[in-house]
Amino acid sequence: MRHFLEVDDLDAAEVAEVLKFASMKEFPKNLDGKGMALIFEKPSARTRNSMEMAVFQLGGHPIYIRPEEVGLDERESVEDVTKTLSCFHSMIGARVFKHSTVERMARENRVPIVNLLSDEAHPLQALADVLTMQQEFGDLEGRSITYIGDGNNVFRSLAIASGFLGMEVRFSGPPEYKLADQDRERLEFAGVSFEEYTSPEEAVKDVDVVYTDVWTSMGQEQEKTQRYKAFEGFQVNEKLMNHAGEKTVFLHCLPAHRGEEVTDEVVDGSTSRVWIQAENRMHAARGLLAWLVEKNIEEGKKDE
Ligand code: CP
Ligand code: NVA
């Protein structure tokens with residue numbers, strides 16, 4: 012059974028297929044009469060709404076589950092919650108603190124599991140990001156993206172997705188918030204062209220896309236002061252954008268902490284594509300779900 016816990020659960024050709032599904036004007040009703048459970052351990056505006064609409068557009072019925080309702084590993088084990096929800100739903104999406112939680116769900120192998128954000132990855136966001144860049148530039152082969160700030164869940168997934176589509180990926184952030192060796196090895200294994208820069212100004216030079224995310228992710232609130240200090244000099248503001256190309260666009264997964272990692276003038280400025288990117292969360296989610304249903308039917312037939 013195919014799950015979607017991180018972008019490289021798919022190969023590069025499969026990511027390209029999902030993006031084609033995302034752009035279909037007629038939606039396949041391949042969730043007709045089926046349910047998808049959406050469990051959230053953390054807050055969400057974009058992910059919850061885009062997923063609910065995506066499931067609906069495919070003919071299915073989404074059920075949002077608040078953290079206190081299921082109490083993963085508190086009221087019941089992750090495994091038992093997964094088994095139970097699989098009795099009613101043909102897919103489960105989960106936004107979790109620990110990535111191991113979605114891995115445990117996937118190990119049950121009852122229904123496809125979709126990662127709605129974990130401490131390690133945000134693969135649905137990355138699909139929307141590459142879709143947005145494709146709409147902007149067409150073929151992404153040979154294009155470049157610079158991510159400024161925290162080498163976090165959003166960046167890990169984004170780096171794989173944009174690298175898969177042939178983009179050169181650059182990173183600039185404080186040394187203690189760079190990717191770990193194993194993440195860099197994973198990018199290397201995926202064939203991604205990746206470079207780290209000390210200077211954000213150098214990193215954005217002649218790049219097609221500048222991307223940033225919050226310095227303090229959900230669950231890291233107690234580190235806020237220390238992070239605020241560490242990320243000084245890594246704000247995406249007009250001055251930094253002026254070091255990039257004339258046609259460089261700005262992306263942010265949102266929510267933005269305006270005045271921290273990015274200024275109002277950049278989020279609201281002419282180079283910003285953040286609202287198109289937010290809308291693309293729904294199209295990308297629909298594409299992924301439709302693809303995943305078809306793929307699992309195909310693979311099921313092969314096993315018969
Ligand atoms: N970008 C994103 O995942 O937003 P939410 O946290 O609002 O879902
Ligand atoms: N890195 C952020 C992304 C939010 C969509 C977080 O994990 O909180």
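The numbering of the sequence shown is our numbering, which starts it at 12 and goes up by one. Ideal Cβ positions, reconstructed from N, Cα and C, are used throughout, including at glycine.
I'd like to know whether the C-beta of residue i is nearer than 9 Å to at least one C-beta of chain B.
{"i": "E85", "result": "No chain B appears in the structure shown, which is made up of a single protein chain."}
Looking only at C-alpha atoms, which of the options sits nearest to residue i?
{"i": "T112", "options": "D130, S204 and D161", "result": "D130"}
{"i": "E212", "options": "E310, W226 and H254", "result": "H254"}
{"i": "A27", "options": "R115, D192, L83 and L176", "result": "L176"}
{"i": "D194", "options": "V215, D217, A214 and F166", "result": "F166"}
{"i": "V218", "options": "M252, E243 and E196", "result": "M252"}
{"i": "G71", "options": "H100, F32, R106 and K312", "result": "H100"}
{"i": "F108", "options": "Q231, S283 and S88", "result": "Q231"}
May I have the straight-line CA-CA distance separating residue i from residue j, to the nearest angstrom?
{"i": "A56", "j": "E271", "result": "20 Å"}
{"i": "K45", "j": "Q146", "result": "31 Å"}
{"i": "E79", "j": "K53", "result": "11 Å"}
{"i": "K258", "j": "A132", "result": "29 Å"}
{"i": "A363", "j": "T223", "result": "Lying outside 12 to 315, the shown extent of the chain, residue 363 is not represented and no answer is given."}
{"i": "T95", "j": "R121", "result": "10 Å"}
{"i": "M102", "j": "N163", "result": "26 Å"}
{"i": "L190", "j": "F200", "result": "15 Å"}
{"i": "A295", "j": "S155", "result": "21 Å"}
{"i": "L210", "j": "K250", "result": "It is Ser, not Leu, that sits at residue 210 in the sequence shown. Between S210 and K250, the C-alpha separation is close to 13 Å."}
{"i": "L303", "j": "T58", "result": "18 Å"}
{"i": "E119", "j": "T93", "result": "7 Å"}
{"i": "K40", "j": "L151", "result": "30 Å"}
Using 8 Å for Cβ pairs, my map puts residue i next to residue j. What's the rounded Cβ distance?
{"i": "L127", "j": "L42", "result": "Contact doesn't hold; Cβ gap of about 16 Å is too wide."}
{"i": "A117", "j": "H14", "result": "4 Å"}
{"i": "V29", "j": "L299", "result": "5 Å"}
{"i": "F32", "j": "R106", "result": "Rounded, the Cβ-Cβ distance is 22 Å, inconsistent with contact."}
How about residue i and residue j: are their beta carbons less than 9 Å apart?
{"i": "V220", "j": "T274", "result": "no"}
{"i": "N248", "j": "V277", "result": "yes"}
{"i": "A241", "j": "Y188", "result": "yes"}
{"i": "R292", "j": "F38", "result": "no"}
{"i": "A172", "j": "V66", "result": "no"}
{"i": "S168", "j": "P123", "result": "no"}
{"i": "G104", "j": "V81", "result": "no"}
{"i": "D279", "j": "S228", "result": "no"}
{"i": "R2", "j": "E85", "result": "Within the shown structure, residues of the chain are numbered from 12 to 315, placing residue 2 beyond reach of any answer."}
{"i": "I74", "j": "M47", "result": "yes"}
{"i": "G174", "j": "L198", "result": "yes"}
{"i": "N307", "j": "M62", "result": "no"}
{"i": "V215", "j": "I159", "result": "yes"}
{"i": "L21", "j": "M144", "result": "no"}
Would you check whether the ligand MG has a heavy atom nearer than 8 Å to the C-beta of residue i?
{"i": "G230", "result": "What this structure holds is the ligand CP and the ligand NVA, not the ligand MG."}
Is the stretch 166 to 185 touching the stretch 202 to 221, taking contact as three or more C-beta pairs under 8 Å? yes
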